[in-house]
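Below you'll find the structure, written out as structure tokens, and then a few comments.
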Amino acid sequence: MAMRTSLLGVLAFGFLYFICLPAEAALKKYQFDVKVSNVSRLCHAKQMVTVNGGFPGPTIYAREGDRVQINVTNYAQYNLSIHWHGLKQYRNGWADGPAYITQCPIQTGNSYVYDFNVTGQRGTLWWHAHILWLRATVYGAIVIMPQQGTPFPFPQPDREEVLVLGEWWNADVEQVEKQGNALGLPPNMSDAHTINGKPGPLFPCSEKHTFAMEVDKGKTYLLRIINAALNDELFFALANHTFTVVEIDAVYTKPFTTDSILIAPGQTTNVLVRANQLPGRYFMAARAFMDAPISVDNKTATAIFQYKGIPETVIPKLPTLPAQNDSDFALSYNSKLKSLNTPKYPANVPLNVDRHLFLTIGLGRNPCPTCLNGTRLTASLNNISFIMPETALLQSHYFNIKGVYTPDFPDKPPTPFNFTGAPLTANLRTNVGTRISKIAFNSTVEIVIQDTNLLSVESHPFHLHGYNFFVVGTGIGNFNPKKDPAKYNLNDPIERNTVGVPTGGWTAIRFRADNPGVWFFHCHLELHTGWGLKTAFLVENGPGLDHSILPPPKDLPSC
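Each residue of the sequence shown is one higher than the last, beginning at 1 in full-length UniProt numbering.
Given below as structure tokens:
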């Protein structure tokens, strides 16, 4: 079987390059040309938006402490922006990237330089377009190496590989989204999942669209795994091999072994795998997780883990993935994720809370005379479906532009009910608006995110821009404010930037609001974000310029 061989050698060279990199080389510059390219998968050729013609786009390599400048030039027909997912962007929301939240999009024919420092972070993150559904094709990895002379807090791997999980539509993704919106229904699901842009040989016309990495028996490999899919949580496994999880969302974890991982859209996971099996060819596989009565793309993407010297005529072995609706695996896996919590990498979880927020997730239907069934699907937090502004929130806040938003997002839902009881079809008078929450600088915040059975329960991965947070608790059913906080893990809770709220359950997170700016908070299922499952937090300036939002760059795009 013909296949594309791995870029392992290139990555190994890049890894060695960083090991030997002189400490003074602290500025990394990249040029991103956003343009339409011809791409073919599954016997279908189409034009789609890419960065530098790649699918996925280029990997950003940096080291903790580096300054990074990425000049994005937009040659595509869509106005767009790019988000550097998981980078905290301290005081520098201008470089965060979500369109109409921290900046206006880069218009066709224009450029914008994202200029930011990588401070106090190391590991695997990623970047993606942050407008419409363009991130279906506009995405790539970010690899941040530790500071010079600082080893990993786990056994040194011999080599490493970036594996970006994604989705493929045979049709134009933007047209798929527009058709769904016009009908008031969910858009058509993807035609395949992909690993590094390739669906693997289980799909038609995919012999040359299979990613493979060649390995040496006895060596250990670090896999940097990213879920860039728009709408699907994914299981991922490697036949006959086990993983040791060592990092998620660029935060080191207490190592644990597992046959499979679960990774939601927006999340990253680093695992060690030892090539200790009988030399052969083994499939790496990704397939959707869904434990609610909702349709998903359930087809399996594959890539090949190939021992050196084994001919390509050997048929790879498939791994055994958890069942598509295996809730027990999902809950068990996530419960094993713990912060390293050592003197060098402490878990500074807030023990006292200044501000409590209780946010309920709601799906609903609003009247739509032109839609197929006379209604349009919507989503809300605390019964508010967020409307994107026409002027970026951060710009309106910084320049004191009136009438763009109101800082009155409620701390709790207006109508309490049995959130996870029998399915409800009522909207409970869902409101729409650009309502955000104002938070005092350096205050400690706890957010309990509660799934509900409005239309249907479902798992939701929530991402907070500008921050990591600690996942102090999670459970099934309704959150009990009198009993559940006593069960919180305040010793070594996992720290991350994107967390899954379990189907029919709740998740509690904590963070210290020490990064002034306007920061997006949203479900990372693109479908739900578009329906309004989002809001933003306006974190006020602290005392003095060192705790205030930086001045905006001169080339900031205008709306």
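Here a beta-carbon is modelled for each residue, glycine too, at the ideal position from N, C-alpha and C.
Would you mind working out which of the options sits nearest residue i, comparing C-alpha positions?
i: L372; options: L357, M284, G180 and D216; result: G180
i: D297; options: D191, T320, D158 and I315; result: D191
i: I101; options: N92, T108 and G109; result: N92
i: T242; options: A264, F305 and L234; result: F305
i: A95; options: G109, F116, H85 and G86; result: F116
i: P157; options: Y221, L134, N400 and P350; result: Y221
i: L539; options: T529, N515 and L545; result: Position check: residue 539 holds Val in this sequence, whereas Leu was assumed. Measuring from the Cα of V539, the nearest candidate turns out to be N515.
i: V68; options: L455, Y78 and Y30; result: Y30
i: F32; options: I60, G86, K46 and A26; result: I60
i: K46; options: E160, E174 and N341; result: E174
i: C368; options: L185, R135, V49 and N270; result: L185
i: L455; options: L363, H85, L134 and G54; result: L363
i: K178; options: A228, Y467 and W531; result: W531
i: L262; options: G280, G197 and L337; result: L337
i: P293; options: P423, K344 and P481; result: P423
i: N110; options: N79, M290 and L134; result: N79
i: Y333; options: F55, F256, T313 and E390; result: F256
i: H356; options: Q103, P410 and P502; result: P410
i: W519; options: H463, E446 and V499; result: H463
i: Y307; options: T320, S40 and R281; result: R281
i: Y345; options: T150, S260, L321 and E167; result: T150
i: residue 632; options: G309, A303 and N231; result: Residue 632 is absent from the structure shown; the chain starts at 1 and stops at 559.
For the beta strand (DSSP E) holding residue i, just list the boundary residues, first then last.
i: D115; result: S111 to N117
i: W126; result: G123 to A129
i: H356; result: R355 to P367
i: K46; result: H44 to V51
i: G500; result: T498 to V501
i: H85; result: I82 to H85
i: Y61; result: I60 to R63
i: I509; result: G505 to R512
i: R376; result: T375 to L381
i: Q450; result: T444 to Q450
i: E247; result: F243 to I248
i: L222; result: T220 to N227
Given this structure, state the Cα-to-Cα distance separating residue i from residue j, to the nearest angstrom.
i: I449; j: R287; result: 26 Å
i: Q148; j: R122; result: 12 Å
i: K254; j: I315; result: 35 Å
i: I387; j: W127; result: 24 Å
i: L550; j: H130; result: 22 Å
i: L340; j: E458; result: 30 Å
i: I19; j: E214; result: In this prediction, I19 has a pLDDT of 39, which is less than 50 and means its spatial position is unreliable; what the coordinates show is noted afterwards. So the two alpha carbons sit approximately 22 Å from each other.
i: L275; j: L318; result: The question names Leu, but residue 275 in the sequence shown is Ala. Approximately 16 Å between the Cα atoms of the pair.
i: L87; j: Y467; result: 8 Å
i: T5; j: V246; result: Because the pLDDT at T5 is just 42, under 50, the model does not fix this residue reliably, and the point stays unresolved.
i: I476; j: D484; result: 11 Å
i: H83; j: P98; result: 6 Å
i: A12; j: G65; result: Note on A12: pLDDT 42, under 50, position unreliable in the model; the coordinate value appears next. Using only the alpha carbons, I get a separation of about 22 Å.
i: P22; j: N170; result: Below a pLDDT of 50, predicted positions are generally treated as unreliable, and P22, at 42, falls in that range; the measurement from the model is reported next regardless. So the two alpha carbons sit approximately 45 Å from each other.
i: L238; j: L163; result: 12 Å
i: F283; j: F152; result: 27 Å
i: S295; j: E160; result: 35 Å
i: L223; j: H524; result: 23 Å
i: A2; j: G433; result: Low confidence applies here, because A2 scores a pLDDT of 40, under 50, leaving its location unreliable and the question unanswered by this model.
i: F236; j: T50; result: 25 Å
i: A136; j: P413; result: 32 Å
i: N38; j: M48; result: 7 Å
i: L42; j: L533; result: 32 Å
i: P105; j: C559; result: 7 Å
i: L234; j: S81; result: 26 Å
For the alpha helix (DSSP H) containing residue i, list its first residue and its last residue.
i: D328; result: S327 to S335
i: L134; result: Taken as a continuous stretch (DSSP letters only), L134 belongs to no alpha helix (DSSP H), as it is neither H nor E.
i: W531; result: E526 to W531
i: residue 625; result: Residue 625 lies beyond the residue range present for the chain, which begins at 1 and ends at 559; the question has no answer from this structure.
i: H397; result: L393 to Y398
Residues bridged to residue i by DSSP?
i: residue 566; result: Nothing can be reported for residue 566, as the shown portion of the chain is limited to 1 through 559.
i: H463; result: T498 and H522
i: D33; result: T73
i: M213; result: F305
i: H193; result: E167
i: P493; result: K338
i: K88; result: According to DSSP, which records beta bridges pairwise, K88 is partnered with nothing at all.
i: A473; result: Note that residue 473 corresponds to Gly in the displayed sequence, not to Ala. The partner list for G473 (beta bridge, DSSP) reads A508.
i: A286; result: F236 and A301
Flag this pair as touching only if the segment 463-474 and the segment 493-509 have three or more C-beta atom pairs under 8 Å; answer yes or no.
yes
Using 8 Å as the cut-off, can you tell me whether the segment 203-219 makes contact with the segment 321-328, which would need three or more C-beta pairs spanning the two stretches below that distance?
no
Taking contact to mean at least 3 C-beta pairs separated by less than 8 Å, is the segment 67-82 in contact with the segment 434-445?
no
Across the segment 485-497 and the segment 392-401, are there enough close Cβ pairs to call them in contact, namely three or more that are closer than 8 Å?
no
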